[in-house]
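Visitor: Structure provided below as structure tokens; questions to follow.
Numbering (full-length UniProt numbering), first residue to last: 1 to 848.
As structure tokens, this is what we get:
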């Protein structure tokens, strides 16, 4: 850091000050000086580096507001995104964001909202030469504004209207009685095999109980455990949800699922071995940018999301010593595992003992009727294929997403939302049953047009602190994609917390961008804001807007989707939160290789629909592109140095020393998007020109890679083979994983996807998600996402009959993860959903 007299004078006037060195004979650094130059037409620069803004003319008291001002207030003065680098841009946007659309369309000297006729006459003065709306004003046609103002249309984006309680919920989709009967039959047939497997497992456990007690099977009566509707029952060993039968300690109430009981009797460690010993340790900020690691003599901070090795080893030793008795009974484990060690676990049930037996008999009798006319015809080919059986690649409902040889699934079903309003559900089911993702375009065109701009959402969320107890409403958690550590940002100072930026600054960076001290783009992610439990409470109109935009509501509607198991839970039963969930993150067009704004490779436990509701493109400055190019070379050298354990390379000389050693570079070929190469004296403007051409081609906001379910095993093999080529927390290399996919520690760059196809012959579906597109991801499909622009995504989980078995399979994979693993707890309780869905559909089928 330069001395104070050589530091840039740009500051926020309170706590923050730019750390860059000033230009010669200037008081600002290069970045802020270029920003100032952009504003010279609207503001004059001062010697101290501050920008003087023109004062607003004050309207004299009593003089009515001009109608032209009213008209201009609902029009934008420029494009959706302001020029990057404008020093006044952030301030001007804040002022526009703070001014609600109701106030901007209000006629003064009137206490009431103008009537339709009044507003129509006032709106006639709108200029025909500029009909582009302010991005925060709902995107309605100009003629609609002439009829009614946003307030009269219940579409105002002021804080009061955004939070109003009287929100008209989207109408539920009307389904005819005959069709509802077919849907119920479809669900019953899908779930009957699972119910039979559950009953078989229960009968086996009941036979063991009869053997323990020395009684016959009919004589065994299982005690029903007290369980309330608002209570979740989990196995205290593997953290999976308990459906019905389980064993419980009469002294300490330690609960054990049947799967753990069987593993104990067979001599296996129940719930997996739980081995996770690797810790990530910080190596300093310089290391993140290709510099040397921090000296080992300094204190290293352990990562926040890793378990304590010592406690973990004690628990593993206790698990190894835990054995079942010879007669099949199971003793309560020691206190290290969570039990008391002083009793024998007793067999108990949650539902009445005869419930599942009677349910199986009724479901079997319904399916035995064999009524194929009630089932969707999934065996025949859909309209995406020609009469000869070849794929119709010219279809407007298809989008190419892969180039696999000898495969007919390279194209994804991609209809427009307006084309699927009147049916075509069976076409969707044919693709969905094969485990293919589906893309639906223009889903926002069917909504009221409420703005999803970040400042509009922030206006609806912000509050004034009344006490220290209300601080949680202000604090948000953002993740820096460079080191994957959570940083708390708050709008106030308190106690010991060092606050760097506030909420408004985060959203300002969403549209203007942020960078590290060396101009490397800073990618921040704001996850689950507002908190999931309060989304519909804090953003009721956005919640209603999202529900209205959902495609294939029979599956995705969280209120009444007849093929969504999440809607079948009985009244009063504790329901898992399935969404909506918001994901707000910065983005960058070029693949940086480090610090990209990504959602790392993972696999959701249920089906999901993800809608891109807003995007903002942030163009980097030319000098920033030059810095990125140099830092990429530095990263390349660091990668080679660590991979082949070579001596440190001198980076203080010319850049030619960095790219010296042809043999090394030939061993580490890199793609254009992963590493920059070429003559270090090459003119930066040429690279900028090439990058601008590539950016003009990008129309989507996010780049998706979705793998087929059948390729998951090979994908895991590749990740284990190339484990140490990836970095995670603190920029450290990945040393070991509990599960390559469920750990969410990998993102496959363009180069890794190329190697994956060469070595294992697998390729993901890759496509760009555009604004207003909904992506439906089947359960069990590993996927990753990289933001090409700043994006706001809203997602919702659901459970469909076609993918229910995949949800069960994933729950079994999660239960054997280490105890402190983030994905360990079964929050979805998919088995309970399925049981309630079966109970409800059997009852509905019999009543019809």
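Backbone N, C-alpha and C fix where the C-beta goes; we use that ideal spot for every residue, glycine too.
Report the residue from 199, 699, 802 whose alpha carbon sits nearest the alpha carbon of residue 607.
Guide: To locate residue 607, count along the chain shown from 1; it is residue 607. Here the closest residue by C-alpha is 802.
Visitor: Does the structure place the segment 773-789 close enough to the segment 605-623 that three or more beta carbon pairs sit under 8 Å?
Guide: Cβ pair count under 8 Å is three or more, so yes.
Visitor: One question on the structure: do residue 232 and residue 241 come within less than 8 Å of each other, judged by their Cβ atoms?
Guide: Against the chain shown, residue 232 aligns to sequence position 232. Against the chain shown, residue 241 aligns to sequence position 241. A contact, by the Cβ cut-off of 8 Å.
Visitor: How many whole angstroms separate the CB atoms of residue 414 and residue 439, which I take to be in contact at a CB cut-off of 8 Å?
Guide: For the purposes of this step, residue 414 is taken as the residue at position 414 of the chain shown. For the purposes of this step, residue 439 is taken as the residue at position 439 of the chain shown. Sure, about 4 Å apart at Cβ, within 8 Å.
Visitor: Which ranges does the alpha helix (DSSP H) cover as unbroken runs of at least 4 residues, wholly within the segment 386-466, from first to last along the chain?
Guide: With a minimum length of 4 residues, the continuous alpha helix (DSSP H) runs that stay inside the segment 386-466 are 425-432, 454-461.
Visitor: Since residue 822 and residue 784 should fall inside the 8 Å C-beta cutoff, what is the C-beta to C-beta distance between them, to a whole number of angstroms?
Guide: Within the chain shown, the letter at position 822 stands for residue 822. Within the chain shown, the letter at position 784 stands for residue 784. No, residue 822 and residue 784 are not in contact; Cβ-Cβ is about 17 Å, not under 8 Å.
Visitor: Return the bridge partner residues of residue 224 from the DSSP annotation.
Guide: Mapped onto the chain shown, residue 224 falls at position 224. Looking at the DSSP assignment, residue 224 forms a beta bridge with 349.
Visitor: So residue 582 is in the beta strand (DSSP E); what residue range does that whole segment cover?
Guide: Sequence index remark: in the chain shown, residue 582 carries index 582 (1-based). Counting along the chain, the beta strand (DSSP E) containing residue 582 begins and ends at 581-585.
Visitor: Quick check: the Cα distance between residue 799 and residue 30, rounded to an integer number of angstroms?
Guide: To locate residue 799, count along the chain shown from 1; it is residue 799. To locate residue 30, count along the chain shown from 1; it is residue 30. In a straight line, the C-alpha of residue 799 is about 53 Å away from that of residue 30.
Visitor: Grab me the residues of residue 284's own chain with a C-beta within less than 6 Å of its C-beta, minus the 5 sequence neighbours each way, in chain order.
Guide: Residue numbering aside, residue 284 sits at position 284 when the chain shown is read from its first letter. Excluding residues within five positions, the ones whose Cβ falls inside 6 Å are 294.
Visitor: Rounded to the nearest angstrom, what separates residue 848 and residue 181 at their Cα positions?
Guide: To locate residue 848, count along the chain shown from 1; it is residue 848. To locate residue 181, count along the chain shown from 1; it is residue 181. Distance between the alpha carbons of residue 848 and residue 181: 7 Å.
Visitor: Quick check on this structure: which residue in 619, 213, 281 has the alpha carbon closest to the alpha carbon of residue 513?
Guide: Stepping through the chain shown from its first residue, residue 513 is reached at position 513. Ranking the options by Cα distance to residue 513, first place goes to 619.
Visitor: By how many angstroms is the C-alpha of residue 553 removed from the C-alpha of residue 834?
Guide: Along the chain shown, one-based indexing puts residue 834 at 834. Along the chain shown, one-based indexing puts residue 553 at 553. Looking at the two C-alpha atoms, the distance is approximately 19 Å.
Visitor: Could you tell me the alpha carbon to alpha carbon distance between residue 828 and residue 37, rounded to whole angstroms?
Guide: Start at 1 with the first residue of the chain shown, and residue 828 comes out as number 828. Start at 1 with the first residue of the chain shown, and residue 37 comes out as number 37. Using only the alpha carbons, I get a separation of about 54 Å.
Visitor: When the Cα atoms are used, what is the spatial distance from residue 340 to residue 220?
Guide: The residue labelled residue 340 in the question sits at position 340 within the chain shown. The residue labelled residue 220 in the question sits at position 220 within the chain shown. Each residue's Cα considered, the two are about 26 Å apart.
Visitor: If I follow the unbroken beta strand (DSSP E) through residue 616, where does it start and stop?
Guide: Start at 1 with the first residue of the chain shown, and residue 616 comes out as number 616. 607-616 is the span of the beta strand (DSSP E), which, as asked, contains residue 616.
Visitor: Grouping DSSP H, G and I as helix and E and B as strand, with all else coil, what is residue 179?
Guide: Residue numbering aside, residue 179 sits at position 179 when the chain shown is read from its first letter. Looking at residue 179 - three-state DSSP - the assignment turns out to be helix.
Visitor: Would you kindly work out how many angstroms separate the C-alpha atoms of residue 805 and residue 281, rounded to a whole number?
Guide: Start at 1 with the first residue of the chain shown, and residue 805 comes out as number 805. Start at 1 with the first residue of the chain shown, and residue 281 comes out as number 281. Residue 805 and residue 281: Cα-Cα distance of roughly 39 Å.
Visitor: Which value, in whole angstroms, describes the spacing of the CA atoms of residue 223 and residue 452?
Guide: Taking the first residue of the chain shown as position 1, residue 223 is located at position 223. Taking the first residue of the chain shown as position 1, residue 452 is located at position 452. Rounded to the nearest angstrom, the two C-alpha atoms are 53 Å apart.
Visitor: Between the C-alpha atoms of residue 330 and residue 218, what's the straight-line distance to the nearest angstrom?
Guide: Along the chain shown, one-based indexing puts residue 330 at 330. Along the chain shown, one-based indexing puts residue 218 at 218. C-alpha separation (whole angstroms): 22 Å.
Visitor: Using the C-alpha atoms, what's the distance from residue 269 back to residue 818?
Guide: If you number the chain shown from 1, residue 818 lands on position 818. If you number the chain shown from 1, residue 269 lands on position 269. Between residue 818 and residue 269, the C-alpha separation is close to 12 Å.
Visitor: The beta strand (DSSP E) spanning residue 797 covers which residue range?
Guide: For the purposes of this step, residue 797 is taken as residue 797 along the chain shown, with counting starting at 1. Counting along the chain, the beta strand (DSSP E) containing residue 797 begins and ends at 790-798.
Visitor: Are the beta-carbon atoms of residue 875 and residue 510 separated by less than 8 Å?
Guide: One cannot answer for residue 875 here, as it falls past the ends of the chain, which runs 1 to 848.
Visitor: Assuming residue 596 and residue 485 form a contact by the criterion Cβ under 8 Å, report the distance between their Cβ atoms to the nearest whole angstrom.
Guide: Taking the chain shown and counting its residues from 1, one reaches residue 596 at position 596. Taking the chain shown and counting its residues from 1, one reaches residue 485 at position 485. Not quite, the Cβ-Cβ distance comes to about 16 Å (not below 8 Å), so this is no contact.
Visitor: Out of 370, 418, 412, 213, which has the shortest C-alpha to C-alpha gap to residue 769?
Guide: Counting from 1 along the chain shown, the entry for residue 769 is found at position 769. Of the candidates 370, 418, 412, 213, the one whose C-alpha sits nearest the C-alpha of residue 769 is 412.
Visitor: Would residue 857 be called buried (16 or more neighbouring beta carbons within 10 Å of its own) or exposed?
Guide: Residue 857 lies beyond the range of the chain shown here (1 to 848); nothing can be said about it.
Visitor: Would you check if the distance between the CB atom of residue 17 and the CB atom of residue 7 is smaller than 8 Å?
Guide: Within the chain shown, residue 17 is the residue found at index 17, counting from 1. Within the chain shown, residue 7 is the residue found at index 7, counting from 1. Their beta carbons are under 8 Å apart, which means residue 17 touches residue 7 by this criterion.
Visitor: Per DSSP, what are the beta-bridge partners of residue 769 in this structure?
Guide: Position 769 of the chain shown, counting from 1, holds the residue named residue 769. Residue 769 pairs with 702.
Visitor: Identify which residue in 809, 361, 230 has its Cα closest to the Cα of residue 603.
Guide: Taking the chain shown and counting its residues from 1, one reaches residue 603 at position 603. When each option's Cα is compared against that of residue 603, the closest is 809.
Visitor: With a 10 Å radius around its C-beta and 16 neighbouring C-beta atoms as the bar for buried, classify residue 197 as buried or exposed.
Guide: Reading the chain shown from its first residue, position 197 is the one you call residue 197. Residue 197 comes out exposed.
Visitor: My assumption, with CB atoms under 8 Å, is that residue 778 sits in contact with residue 432. Please give the rounded CB distance.
Guide: Here residue 778 refers to the residue found at position 778 when the chain shown is read from its first residue. Here residue 432 refers to the residue found at position 432 when the chain shown is read from its first residue. Correct: roughly 7 Å between the Cβ atoms.
Visitor: For residue 518, collect the residues of the same chain with a Cβ closer than 8 Å to its Cβ; drop the 5 residues on either side in sequence, then sort them by chain order.
Guide: By 1-based counting over the chain shown, the position of residue 518 is 518. So the qualifying residues of the chain are 289, 627, 631.
Visitor: Which of the three DSSP states, helix, strand or coil, is assigned to residue 480?
Guide: As a first step, residue 480 is located in the chain shown; it is residue number 480 there, counting from the start. If DSSP states are grouped into helix, strand and coil, residue 480 belongs with the strands.
Visitor: Do you know offhand how far residue 106's Cα is from residue 160's?
Guide: Position 106 of the chain shown, counted from the first residue, corresponds to residue 106. Position 160 of the chain shown, counted from the first residue, corresponds to residue 160. Here the model assigns residue 106 a pLDDT of 37, short of 50, so the residue's position is not dependable and the matter cannot be decided.
Visitor: In this structure, how does DSSP classify residue 738 when only helix, strand and coil are distinguished?
Guide: Working through the chain shown from its first residue, we reach residue 738 at position 738. Correct three-state label for residue 738: coil.
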